[in-house]
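Single-structure report; data block below.
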Amino acid sequence: MRIAIGIVIAAPLAFFMGMPFPSGLKMLDSKAKVLVPWAWGVNGFASVAGAVLGTFLAISTGFTFLALIALTGYFLAGVVSGRLRA
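For the sequence shown, the residue numbers in the working numbering are 0 to 85.
Right under this line is the structure:
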């Protein structure tokens with residue numbers, strides 16, 4: 000039962016954290032193919048930096064503040080993505 004509850008809680012989060020990058024790559028591939036390698040590089044850098052900074056922020060400010068920072072980042076990425084589509 001605990002495993003099922005864990006899956007129900009984690010699945011929506013995993014979906015929304017995992018889908019924007021492939022969707023963005025597909026959009027970028029159709030509009031500016033030359034930027035796709037840059038997108039992979041930025042993603043790799045942000046993944047490493049985010050893990051380090053996330054750990055530091057969680058310890059120093061708490062998980063609530065870290066979650067607000069993450070939500071802000073995803074919101075800004077969505078705004079930028081929406082402007083690129085137009």
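Glycine is no exception: its CB is placed at the ideal position from the N, C-alpha and C atoms.
Note that this is a predicted model, so its numbers are computed, not measured.
How long is the line joining the alpha carbons of F15 and F55, rounded to whole angstroms? 24 Å
Distance between K32 and I58 (C-alpha atoms, nearest Å): 40 Å
Does the distance from the CB of L65 to the CB of G53 come in under 8 Å? yes
Quick check on M0: does DSSP put it in helix, strand or coil? coil
Could you please give the first and the last residue of the uninterrupted alpha helix (DSSP H) stretch that includes G23? 19–30
Which residue marks the beginning of the alpha helix (DSSP H) containing G49, and which one marks its end? 35–60
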